[in-house]
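Worksheet: one structure, shown below.
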Amino acid sequence: MADFHKLKVADVYRETNDTSVVTFEVPTELQGTFKFKQGQHLTLKATINDEDVRRSYSLCSSPNENLWKVAVKQIPGGKFSTFVNSTLKAGDFLEVMTPSGTFGVPVNPENAKNYLFFAAGSGITPILSMIKTHLASEPNSTCKLFYVNKTAKSIIFKEALEQLRNTYFGRLEIYYFLTKERRDIELFNGRFDDEKMKVLTTTFIDLPDTNEVFLCGPEQMVNFVSQYLIQAGLPKELVHFELFVTGLSEEDIKRAERLAKQNVEGTEVIIIDGGKEFSFTMTKEFDNILDAALGAGADLPFACKGGVCSTCKCQVKEGDVEMKINYALEADEVDQDYVLSCQAVPKTQKVVVDFDV
Ligand code: FES
7 MADFHKLKVA DVYRETNDTS VVTFEVPTEL QGTFKFKQGQ HLTLKATIND EDVRRSYSLC
67 SSPNENLWKV AVKQIPGGKF STFVNSTLKA GDFLEVMTPS GTFGVPVNPE NAKNYLFFAA
127 GSGITPILSM IKTHLASEPN STCKLFYVNK TAKSIIFKEA LEQLRNTYFG RLEIYYFLTK
187 ERRDIELFNG RFDDEKMKVL TTTFIDLPDT NEVFLCGPEQ MVNFVSQYLI QAGLPKELVH
247 FELFVTGLSE EDIKRAERLA KQNVEGTEVI IIDGGKEFSF TMTKEFDNIL DAALGAGADL
307 PFACKGGVCS TCKCQVKEGD VEMKINYALE ADEVDQDYVL SCQAVPKTQK VVVDFDV
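In terms of the working numbering, the sequence shown has 298 at position 292, counting the first letter as 1, and numbering is strictly consecutive.
What follows is the structure, given as structure tokens:
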């Protein structure tokens with residue numbers, strides 16, 4: 007269910023010049039509902055200039071801390087990020103959806119895993135939550151972080167990371183890469199490329215001994231690094247990622263164009279949400295299930311409407327749909343018929359989708 011709750015902002019502070027960290031006060035009676043796993047995100051909703059604006063932000067706190075914190079980086083012209091970075095203050099209230107997302111693996115105190123993390127800019131947010139959680143809850147696991155930023159000053163959560171490195175001495179290695187500031191060691195200047203990855207995978211990373219890899223950042227970086235690691239021998243199923251999408255690929259554009267021509271008019275759609283069924287018939291006004299359902303009066307969860315955040319995830323129980331783009335679901339979720347409803351175009355005369363999953 008689209009479960010928004012009004013939460014009080016306990017604190018807002020500037021982490022860097024262009025990034026604010028927001029802490030929410032979650033009342034005791036809601037703490038069970040807001041229980042989260044490392045790597046999950048919160049969808050925030052605000053009315054900005056009379057417009058209902060929603061965005062998803064990864065939690066940077068760990069479930070062990072009993073804190074609900076997100077980092078919001080100012081995007082030039084971004085409605086929500088400008089609002090947070092220039093207007094929001096402690097004491098204000100925001101509509102917050104219960105945590106969601108599947109970026110992360112189960113924590114087990116018996117684990118003795120070696121985790122690798124690649125992050126760029128605000129991509130550190132879910133990664134910080136994971137590093138804190140695995141280090142605290144799995145005493146025999148180790149973490150290595152490769153983290154790209156423009157300049158030393160723009161490194162988000164540098165202090166928190168350094169503290170973790172001290173607290174868990176010997177179990178967390180951090181390597182910073184800067185793209186707009188030069189340092190003496192050439193390896194640490196610039197983005198990940200073939201040459202750097204070759205050095206990293208032959209000297210800093212023991213690939214056969216790596217158990218899980220998490221990547222978060224712009225699409226180009228995530229695709230490049232994950233492909234490199236897979237080609238270097240790392241099993242695909244150990245590589246997990248979350249993207250910032252900067253543009254659609256040729257293939258995505260072609261698929262989206264083809265699906266936009268699909269005749270969906272007259273398709274019968276049944277939505278299962280909150281244990282109840284809601285049905286409607288698609289008109290040609292909307293081509294995806296989410297927009298059509300919202301248009302028909304359903305109250306469903308969504309944030310980006312761009313195939314990135316997975317807030318609108320549901321499972322196809324009957325019929326067939328095709329997604330225009332999918333930057334959020336992993337292959338095993340797609341195999342289990344999970345789809346992003348904001349991208350799901352019906353391909354059969356009747357479709358039943360379940361949001362209670
Ligand atoms: S609303 Fe974000 S993926 Fe659909």
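Even glycine gets a Cβ: it sits at the ideal position worked out from N, Cα and C.
Computed from a prediction, not measured in an experiment: that's the story for all the values here.
For the region 112-192, which segments carrying the beta strand (DSSP E) assignment without a break, of at least 3 residues, lie completely within its bounds, in sequence order? The region 112-192 contains these whole beta strand (DSSP E) runs: 120-126, 148-155 and 178-184.
State yes or no: is the C-beta of Gly239 within less than 8 Å of the C-beta of Leu213? The Cβ atoms of Gly239 and Leu213 sit closer than 8 Å to each other.
In whole angstroms, what is the alpha-carbon distance linking Asp56 and Leu235? Distance from the CA of Asp56 to the CA of Leu235, rounded to the nearest whole angstrom, comes to 46 Å.
Under 8 Å, with one C-beta from each stretch per pair, do the region 58-72 and the region 328-341 reach the 3-pair mark? Between the region 58-72 and the region 328-341 there are fewer than three C-beta pairs closer than 8 Å, too few to call the two in contact.
Got a sec: does the ligand FES put a non-hydrogen atom nearer than 7 Å to the Cβ of Ser316? At least one heavy atom of the ligand FES sits closer than 7 Å to the Cβ of Ser316.
Straight-line gap, Phe220 to His140 (C-alpha atoms, nearest Å): Cα atoms of Phe220 and His140: separation of roughly 13 Å, rounded to the nearest angstrom.
Output yes or no for whether 8 Å exceeds the beta carbon distance between Glu271 and Lys290. Closer than 8 Å, so yes.
Do you know whose CA, among Lys159, Asp338 and Leu306, lies nearest Ser347's CA? Check the Cα spacing between Ser347 and each of Lys159, Asp338 and Leu306: the tightest is with Leu306.
If you measure between the beta carbons of Val29 and Ile162, is that distance less than 8 Å? Note that residue 29 is Thr in the sequence shown here, rather than Val. In this structure, the beta-carbon distance from Thr29 to Ile162 does not fall below 8 Å.
Mind checking which residues open and close the beta strand (DSSP E) that includes Val15? That run of the beta strand (DSSP E) goes Phe10 to Thr22.
What residue range does the alpha helix (DSSP H) around Gly301 cover? Segment Ile295 to Gly301, the alpha helix (DSSP H) holding Gly301.
Cross-strand partners of Pro224 (DSSP beta bridge): Its beta-bridge partners are Phe250.
Answer with buried or exposed for Tyr121, where buried requires no fewer than 16 other C-beta atoms within 10 angstroms of its C-beta. With 16 or more Cβ atoms within 10 Å of its Cβ, Tyr121 is classed as buried.
Name the two residues that bound the continuous beta strand (DSSP E) containing Ser92. Run containing Ser92: none in the beta strand (DSSP E); it sits in the alpha helix (DSSP H), Lys85 to Ser92.
Ends of the beta strand (DSSP E) at Leu65? Element bounds for Leu65: n/a, residue is neither H nor E.
What does a CB cutoff of less than 7 Å around Phe230 pick up in its chain, not counting 5 residues either side in sequence? Cβ within range, chain order: Phe198.
Closer than 7 Å: is that where the CB of Phe250 sits relative to any heavy atom of the ligand FES? Relative to the non-hydrogen atoms of the ligand FES, the Cβ of Phe250 never comes closer than 7 Å to any of them.
Could you please give me the residues that DSSP links to Arg197 through a beta bridge? Partner(s): none; Arg197 has no beta bridge.
Does Val340 pass the burial test, meaning 16 or more other C-beta atoms within 10 Å, or should it be called exposed? Residue environment analysis places Val340 among the exposed positions, since fewer than 16 neighbouring C-beta atoms fall within 10 angstroms of its C-beta.
According to DSSP, simplified to helix, strand and coil, what is Gln237? DSSP places Gln237 in helix when its eight states are reduced to three.
Given a cut-off of 8 Å on the beta-carbon distance, is the pair Leu36 and Leu100 in contact? No. Outside cutoff.
At a threshold of 7 Å, does Cys348 count as lining the ligand FES (C-beta to nearest heavy atom)? Checking the Cβ of Cys348 against the ligand FES gives yes.
Would you say Ala158 and Leu134 are within 8 Å of each other, going by their C-beta atoms? No, they are not a contact pair.
For Leu65 and Gln80, which I take to be in contact (beta-carbon distance under 8 Å), what is that distance rounded to the nearest angstrom? Approximately 19 Å separates the beta-carbon atoms of Leu65 and Gln80; this is outside 8 Å, ruling out the contact.
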